[in-house]
Each structure stands twice: as structure tokens, then as C-alpha cells.
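Protein chains in written order, with our numbering: chain X, 1 to 257; chain P, 1001 to 1311.
Report on one structure; see the data block that follows.
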Amino acid sequence: MLANHKYIAFETILIKEIRRFTRIWLQTLVPPAITIGLYFLIFGNLIGRRIGEMGGYNYIDFIVPGLIMMAVIQNAYANVSSSFFSNKFQRCIEEILVSPVPNYVILLGFVAGGVARGFAVGLIVTIMSLFFTSLHIEHVFLTLFVVLLTSVVFSLAGFINALYANTFDDISIIPTFVLTPLIYLGGVFYSIELLPAFGQWISALNPVLYMVNTFRYGILGTSDVNIFWALFLLMLFSAGLFVTALYLLRRGTGLRQ
Amino acid sequence: MHNINPQNAISIRNLQKTYANGHQALKGIDLDVQENDFFALLGPNGAGKSTIIGIISTLVRATSGSIQVFGQDVATHVYETKLSLGVVPQEINFSQFEKVGDIVMTQAGYYGLRGALARERTEKYLRKLDLWEKRDNRSRMLSGGMKRRLMIARALVHEPRLLILDEPTAGVDIELRRSMWEFLQELNRNGTTIILTTHYLEEAENLCRNIAIINQGQIVENTSMRKLLGKLARQTLVFDTCEELTLTPDFNDPDIECLRIDSHSFEVSMSTSRDINGLFSVLSGQGILIKAMRNKTNRLEELFLSSLKNQ
Ligand SMILES: Nc1ncnc2c1ncn2[C@@H]1O[C@H](COP(=O)(O)OP(=O)(O)OP(=O)(O)O)[C@@H](O)[C@H]1O
Ligand SMILES: [Mg+2]
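Here it is in C-alpha cells:
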């Protein structure tokens, strides 16, 4: 396929994905605004005042970056897993599979859709946080870069989940049993300095910790982890998941009989 | 395969498919369809028609064998072969939530078309298939026949040289079926090779020049439509009488078998090479008045039987 044609195919998938999540905005854009808004209100504002400081910041300032990250992660994942699975379920994925679009363009298209949703929700939640605290972003490019990497990692994970899924249950099991614990234990609500040595060691195995902390560093300028090490790990994760997803696509897992 | 005729739109060699559950759906298919042909693939439920189409369009992976499209192997020349192929599947496979126009535009995008050209093609084929007025409707609001036409428009948007339709007229009313036939014939006249699967011999008879019959994963007949119909040796006619039959009519001819069905009808089985005028004179002679006559045979069934017998 000509490079230009591949680009058109990529753009087609991306536009279709964006059209999808904006069409069903009540299911995609409003719920994260409501839940994260409640977190801001209850944990940040009401309970936060009693907690005082965390990691050297007001509690609300500490959890805002974590909660934005949580929204980005959940939405990037949900976008790709539910869109791709519903394409499989309705069989319209066949439209792409019979066309000459190469596998990596299919993958990039869906991942870009997840990234778009991650950024859209991230932006909405960020704007909402302004009602609770004043946000000053220390390192703008780093912050955006971390959102990008995080959305890529979880879009890819959502894609792989959807490839294996046979029912709608299969795409809600992983978020419930894997994603939620990783996020809650990934330093969204607390600094891992509060944990005993063993807890810190276990936390270091959690990829979400690196995302949340790098993002927090981008906004506040402090982090529990080494930023370069974290960025390196995130890129490694993206590459590993990308290769895995591509391999599965090529084998036709869950798609071609 | 080295000596495959380059004129072939499609060449299938020793194609086998065993599904994951162990079911052997194709048992070594060899099939050639010439460029510009209008070709029918006929066969009963479960014969393996959709499996063949699935393999051609890469949705199903072959267990063994090879397929060439316009002389190029689908496994090695993925881009070229897919570009020259349009497929209308047996079952609805577009998003139920998208608009009709968007579905066709999106498909154009997958083939590297966009902007004015994509819009032009989308309009052209939606108009040809009588769906232009519906372009802003969500696809789930279309009727069954419209959905089928939408899949045809979608398959044509990149103007493939080979169009494969898997039971395009299933669930389509007679009037619409005729207009669809005309549309396909025009497409074929303009140079598109067409392969369609069907359960109806009438459809194959009306449209196709060549035909293959498949049964239980094997090609049992591969010939021209004309030769095949010539092979249909016998026909069965059913007669309804005006008055009650007192006795079974007697034609006094070893080639003609007559069977009484009930008090007001009987059937006659005879060679297709003979005329049926003689029947009426015999019946008049015996004072039997005929109210109605029809051709009983499920000719398709007969075709299968004779094809299987000749194997
Ligand atoms: N995914 C699958 N797994 C297992 N067996 C399958 C699968 N798909 C089809 N088959 C079997 O393979 C055989 C051929 O099926 P296929 O769909 O190719 O038939 P067909 O000729 O298209 O029939 P129809 O006229 O009913 O559409 C059938 O026995 C069917 O049950
Ligand atoms: Mg079929």
C-alpha cells in the first residue's frame, strides 16, 4: 500500500473512532467528569482539609494529578477495548480486514482513537479541577508527553483485551480486577513514602506508579520515582505491548478463523 | 502453481479447510473463473460456499492450498489482490450505529480514497443502489433489502475488478431482485468479473454463463450454464383436472410415467427432449379436462442428484 494510502486509512480509522466516542458522549465523556468531580469534592476538598499535607503539598493539589491520570488510563483503555470489541461483535471489523490496510495501521488507528479519548477526558477533568484548586503546570511538555505515553500503553492493553474477548463481560473483567487495583495502589491517593519498605518494593512493580508520578512531576515538580527511569519504562511498555498486539493481529487471534 | 492462465480472475488449487472444531468444510477445491465471467457457485446449506469466499477475502485461513487473484497469490500479494477484490458477505457486517453515507465513505478511506473522489464514488454507488436518499439515516433503520444493497455499494466504492457476492438476493423481493440482477449484468458488461453464490437455480440461470456446484466441500460439477441445463434429462409436470379423476391417465409410452396424486391431480414425468403437446391430445382423448399445469420438480434438487450420479 502506498504511504499516502496508509495515511488515509489511518486517518479514516481515527476519525471513525472520534466520531464514535463523541456520538455517545453521555457514555464516554460525562461519566468520568462526574466520578472524578466527586473525588475532587469529597477526597480533595472535604476530607482533604483534615488530611493536611501529602508529599509536601495540600492534599487536593497532591491528588489532582493522580485523578487526572486515573481518568486518562480508564478512558483510553475503555475506548479501545469497547470500540474494537463492538466492531468484532457487529462484524464490521471485517470491513477493515478485507481491505488492504496493513495490521500496524489498524493498530495505530485504534490506539490513536484511545489516545484522543484519553486527551479529551484528561482535558475535561483538568478544567474541572480548576473549580477546586488553582493549577500551575511546572513542565508542560513533559506533562503532555506522559499523558500521551500513558494513553498509548492503556490503549494497547485495551486492544489486546478486545482481541481475546468473546463477550462483553470479557472486556469488563480486566478493568475491574486488574486496572482498578493497579490505579488505586499506584500512588494516586498517597505518596508511597507512607508505605513500609516492602510495600514500596511491591509498588515499584506497578506501572501506574510511574505514570502517576511522572505526571505529578510534570505538574507539581515532585515525584516518588526517578523521571528518566519512569519514562524509559513507559516507552518499554508501549513497545512491548505494540509488538504483542501486532503479533496477535498477524496470527488473526480472535479475528480470522 | 506455475501454469495458471493469467486470464483467470481467480484460480483456486487444492483448497482445504478444517475448522478449529475439526469439521472439514473444504476437501480440496480446484476452481478457475475467467476474467469478465459471470460465475455462479451453487450448493446446498453448509456446502462450503461461504468458506471459500471467506478464504479469498482472508477472513478465514486456509488449511492448505492456494488462491490467485488475477494471477497473483493472495498470500504474497496481499495489497494488490485485495485492491482488485470486492466482497458482499452473506450476513450483515456493517455498524448498526453509523450513517449509511459514512459507512461507504469509511470503506473508501480503507482503500486510500478520500476527499472529493471518495465523496463522488460514494454518491455514485449510493445512487446506483437507490440509497442516496437514505445517506443520513442510521444503517439499522434500513429494511433488509436496503441493507443488502448498502453492502453492494460498499463493496464497489473502490471499483474492484472482481466482485464476489454471497447470496446477494436472499430475503430480497422479486421486483428488487430483478433490478439487482439488471444492475449486476450492467456491471459485468462494463468489465467487472462477478461470482455469486446462490441457492436458486433460476438466479444462476438468468445471470451466469458458467457454474460450479459444490456439495459437502467438493466441486461436483463445473461447466457452462447451457451444458448443465442440457443435462437435466427429465422434468415432472403436475396437472390439476376440472373433474374428479376416475382412473389414472394412460399414455401408453415407456418413457412417460404417470402418477395419480389425489382425486383432482396427477403428475407426469418425461424426458425434457420431448414436446408436451402429445400429452394433451392423449388426455383429451380420454376425456380428461386440464384446469392448470405446473412444473413440479425442484430442478435444483434434480441437478444435485444428477451431478452426484455422474461423478
Ligand atoms: N466457524 C466455523 N466453525 C466450525 N464450522 C464451521 C464454521 N463456519 C462454517 N462451518 C461449517 O462449515 C461448513 C460449510 O459452511 P459454509 O458457511 O461455508 O456453507 P455455505 O455453503 O455457505 O452454506 P449456506 O448456503 O448455508 O450459507 C458447514 O458445515 C458449517 O457448519
Ligand atoms: Mg454461506
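Quick reminder that beta carbons are idealized off the backbone N, C-alpha and C, glycines included.
Item, Value
"Span of the alpha helix (DSSP H) around N1036 of chain P", "Unbroken run through N1036 of chain P: none, as it is neither H nor E."
"Length of the line joining the Cα atoms of R23 of chain X and S86 of chain X", "15 Å"
"CB-CB length for L1064 of chain P against Q1016 of chain P, believed under 8 Å", "The sequence shown places Ser at residue 1064 of chain P, rather than the Leu named in the question. With a Cβ gap of about 5 Å, S1064 of chain P and Q1016 of chain P count as contacting."
"Cβ neighbour criterion (16 or more within 10 Å) applied to D1275 of chain P", "exposed"
"Which of helix, strand or coil DSSP assigns to R1061 of chain P", "coil"
"Span of the alpha helix (DSSP H) around R1148 of chain P", "G1144 to L1156"
"Cα-Cα separation between T1197 of chain P and I1256 of chain P, rounded to whole angstroms", "35 Å"
"Beta carbon proximity, G1022 of chain P to chain X, threshold 8 Å", "no"
"Anticipated Cβ contact below 8 Å, G186 of chain X with V153 of chain X, distance rounded", "About 13 Å separates the two Cβ atoms, so there is no contact after all."
"Range covered by the beta strand (DSSP E) that runs through D975 of chain P", "Because chain P spans 1001 through 1311 in this model, residue 975 of chain P falls outside it and cannot be assessed."
"Any 3 or more C-beta pairs closer than 8 Å across the region 1261-1274 of chain P and the region 1232-1245 of chain P", "yes"
"Proximal residues of chain P, C-beta to C-beta of R261 of chain X below 8 Å", "Only positions 1 to 257 of chain X appear in the structure, and residue 261 of chain X is not among them; the question remains open."
"Minimum Cβ-Cβ distance from F1038 of chain P to chain X less than 8 Å", "no"
"Cβ pair L1129 of chain P, Y1111 of chain P closer than 8 Å", "no"
"Proximity test, N1021 of chain P beta-carbon vs ligand 1 heavy atom, cut-off 7 Å", "yes"
"Per-residue DSSP class, three states only, for L1165 of chain P", "strand"
"is_contact[R139 of chain X, chain P] using C-beta, thresh 8 Å", "Just to set this straight, residue 139 of chain X is His in the shown sequence, not Arg. No, no contact with chain P."
"Of the listed residues P:N1252, P:S1281 and P:I1214, nearest to R1041 of chain P (C-alpha basis)", "The question names Arg, but residue 1041 of chain P in the sequence shown is Leu. Comparing Cα-Cα distances from L1041 of chain P to each of P:N1252, P:S1281 and P:I1214, the minimum goes to P:I1214."
"Contact check, L1229 of chain P vs E1203 of chain P, beta carbons under 8 Å", "no"
"Residues of the region 98-131 of chain X whose Cβ lies closer than 9 Å to any Cβ of chain P, in chain order", "V98, S99, P100, V101 and P102"
"Nearest-residue set for ligand 2, Cβ under 7 Å from any heavy atom", "P:K1049, P:S1050, P:Q1090, P:D1166, P:E1167 and P:T1197"
"Integer Cβ distance of R1135 of chain P from K1099 of chain P, believed to fall under 8 Å", "7 Å"
"Interface flag, P1168 of chain P vs chain X, CB-CB below 8 Å", "no"
"CB of M54 of chain X within 8 Å of CB of Y190 of chain X, strictly", "yes"
"Distance, G1145 of chain P Cα to A3 of chain X Cα", "37 Å"
"T258 of chain X, buried or exposed, once every other Cβ within 10 Å from all chains shown has been counted against 16", "A query on residue 258 of chain X cannot be resolved here, the shown segment of chain X reaching from 1 to 257 and no further."
"Q1313 of chain P CB to nearest heavy atom of ligand 1 below 7 Å", "An answer regarding residue 1313 of chain P cannot be provided, because it is not within the stretch 1001 to 1311 covered by chain P."
"Distance cut-off 7 Å: Q257 of chain X Cβ against heavy atoms of ligand 1", "yes"
"When P:L1176, P:R1127 and P:V1074 are compared against A1062 of chain P, the one with the closest alpha-carbon", "P:V1074"
"L135 of chain X vs T126 of chain X beta-carbon contact at 8 Å", "yes"
"N1005 of chain P in three-state terms, based on DSSP", "For N1005 of chain P, the pLDDT reaches just 49, beneath the cut-off of 50, and the residue's location in the model is therefore unreliable, leaving the point undetermined."
"Proximity test, A1047 of chain P beta-carbon vs ligand 1 heavy atom, cut-off 7 Å", "yes"
"Cβ-based burial, P65 of chain X [other Cβ within 10 Å; buried from 16]", "buried"
"Assigned secondary structure, R1294 of chain P (DSSP; H/G/I helix, E/B strand, else coil)", "strand"
"Candidates P:F1097, P:V1088 and P:A1170, of which the one nearest E95 of chain X by Cα", "P:V1088"
"The region 100-119 of chain X touching the region 30-38 of chain X, judged by at least three CB pairs closer than 8 Å", "no"
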